[in-house]
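First residue of the sequence shown: 108, per the working numbering; consecutive thereafter. We put the CB at the ideal spot given by N, CA and C, even for glycine. Heads up, the thing below is written out as structure tokens.
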Amino acid sequence: MHFELTRMSSRGQIVIPEATRKVLGARIGTKFAIFTDGKNILLQPIAPPDVAGFKKIIAEAEKTKAQAQAKAKEAGK
Numbered sequence: 108m109h110f111e112l113t114r115m116s117s118r119g120q121i122v123i124p125e126a127t128r129k130v131l132g133a134r135i136g137t138k139f140a141i142f143t144d145g146k147n148i149l150l151q152p153i154a155p156p157d158v159a160g161f162k163k164i165i166a167e168a169e170k171t172k173a174q175a176q177a178k179a180k181e182a183g184k
């Protein structure tokens, strides 16, 4: 487990120390989900969507669609 101290600014901003950012792999623009139980705060980095995986799903769906259309065409003959 990693431990560091930080403080909140007058604008409610908290700096995530550099060593912690490195452990998380957080960079400029990293988005976080914030959870609280009223006493504790948990910041969870949100990973960007896997565009390559999404493209693969679309390609598989298009292939399945083409196969279904070919079967329907065959059945209609």
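Could you please give me the residues that DSSP links to residue i through a beta bridge?
{"i": "residue 149", "result": "142"}
{"i": "residue 121", "result": "115"}
Can you give me the C-alpha to C-alpha distance between residue i and residue j, rounded to a whole angstrom?
{"i": "residue 146", "j": "residue 115", "result": "16 Å"}
{"i": "residue 111", "j": "residue 122", "result": "11 Å"}
{"i": "residue 179", "j": "residue 167", "result": "18 Å"}
{"i": "residue 159", "j": "residue 129", "result": "25 Å"}
{"i": "residue 136", "j": "residue 164", "result": "27 Å"}
How do the region 152 to 164 and the region 128 to 144 stand: do at least 3 beta-carbon pairs fall below 8 Å, yes or no?
yes
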